[in-house]
Amino acid sequence: MSPPNHGRLWVQLTLLAATVITTTLVGGCHYYSFATDLSTINDVPTSAAPPVLFSDPLFWLRGLWYSLTVLAILGCHEMGHYLACLRYGVDVTRPYFLPAPLPLTGTLGAFIRIRSRIPNKIALFDIGIAGPLAGFVVAVPALFIGLWLSRVDRLPADASNLMELGEPLFFRFAAWVVWGDVADGYTINMHPMAFAAWFGLLATALNLFPISQLDGGHISYAVFGRRSTAITIVMIGVAVGLTFVSSSWIAWTVLLVIMIVTMGPRHPPTLDEDEPLDRGRLILAAVALAILVGCFTPAPIGPFIGAP
4 MSPPNHGRLW
14 VQLTLLAATV
24 ITTTLVGGCH
34 YYSFATDLST
44 INDVPTSAAP
54 PVLFSDPLFW
64 LRGLWYSLTV
74 LAILGCHEMG
84 HYLACLRYGV
94 DVTRPYFLPA
104 PLPLTGTLGA
114 FIRIRSRIPN
124 KIALFDIGIA
134 GPLAGFVVAV
144 PALFIGLWLS
154 RVDRLPADAS
164 NLMELGEPLF
174 FRFAAWVVWG
184 DVADGYTINM
194 HPMAFAAWFG
204 LLATALNLFP
214 ISQLDGGHIS
224 YAVFGRRSTA
234 ITIVMIGVAV
244 GLTFVSSSWI
254 AWTVLLVIMI
264 VTMGPRHPPT
274 LDEDEPLDRG
284 RLILAAVALA
294 ILVGCFTPAP
304 IGPFIGAP
């Protein structure tokens, strides 16, 4: 028997190194914004913009607050899948991280490639849910720590240049625990670690959408079998509808449509379709649904609409 092939290590390490660079760069910009008092942000001269700080070692060091947090969340997510695959003897690669010159995230996430059939629905369920649970377990403490490192700032007289992030239920609860009710005219100026956790919650919600071969699609097929195809079709309609709520959904919805067109709406069957899920896994499926609801926000990114 030939040894398992977990993918080209040099490619995976190169992508990881590139993602460390792009996320640290973005993290430095996030820290620069965090260090600026929001009440005076309109008075900051454009000459002090982050590009002139790239040669400053502290810029990159402070960028690690965001970079290491987001890589820990994404890495644990993918390692959850990876270890579950190894448990069931499924041929799988190590994680591939995706660097991206995106001003908010610096990454498109990470993925593993599953290169063999899944033996049964129990294995499919465990592989599908292991990633979101592992990433969520890391994101939650990072969220509380990041919010504790954040501060409450007075809003500027003109807040039209500010960006507003949608607040999932879990985020709102954590913010209330750490800061209580924020007074009118003030807002939480998020530490980069808190932003990384916010992004981790959003990524968890996206992966748990019960669509085709997303993590939520694996869970849905393990629970509902072939009936999960109807759920996929309905959820694609929901994703399209979300683009009318917030334009920040457009890119993700386009990727979903491309996935459905290329792979089809049906989830591939497992080798053994007859072994049912036990009660414990059905309870975990309900937990996954609760995590999806708690991490979801209908408008992730938009212009600031609050009044100072």
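All you need for the numbering used here is the position in the sequence shown, starting with 1, plus 3. Note that CB positions come from ideal geometry on N, CA and C, so glycine has one too.
Collapsing the DSSP output to three states places T300 in coil.
Under the Cβ criterion (8 angstroms, minimum of three pairs), the segment 289 to 296 does not count as touching the segment 266 to 280. A direct Cα-Cα distance of roughly 4 angstroms separates R157 from Y189. Classified as buried, E81 has 16 or more neighbouring CB atoms from the shown chains inside 10 Å of its CB. One thing to note: S250 has its Cβ no nearer than 8 angstroms to the Cβ of P303. In the three-state reduction of the DSSP assignment, R157 falls in the strand class.
Secondary structure of I191 (DSSP, three-state): strand.
For Q216, the closest alpha carbon among the candidates D184, R116 and T25 is that of R116.
Assignment of beta-bridge partners to L101 by DSSP yields G112.
Only residues of its own chain outside the window of five on either side were considered, and among them A242 have a CB closer than 6 angstroms to the CB of L259, listed in chain order. When DSSP states are grouped into helix, strand and coil, I263 belongs to the helix group. Judged by their CB atoms, F37 and N164 are not nearer to each other than the 8 angstroms cut-off. With the rule of 3 Cβ pairs closer than 8 angstroms, the segment 118 to 126 does not count as touching the segment 171 to 186. CA-to-CA, the gap between R97 and A87 works out to about 12 angstroms. Annotation for E167: the continuous beta strand (DSSP E) segment containing it runs M166 to L168. Taking all protein chains shown into account, S58 has fewer than 16 neighbouring C-beta atoms within 10 Å of its C-beta and is therefore exposed.
Around the Cβ of A126, a 10 Å sphere holds 16 or more other Cβ atoms; the residue is buried.
Within 10 angstroms of the beta-carbon of F139 lie 16 or more other beta-carbons, which makes it buried. Here V14 is exposed, its C-beta having fewer than 16 other C-beta atoms within 10 Å. In the three-state DSSP reduction, G240 falls in the helix class (H, G or I).
Within 10 angstroms of the beta-carbon of F247 lie fewer than 16 other beta-carbons, which makes it exposed. If the five residues before and after A197 are omitted, its C-beta is found closer than 6 angstroms to the C-beta atoms of G149, L150 and S153, all from its own chain and listed in chain order.
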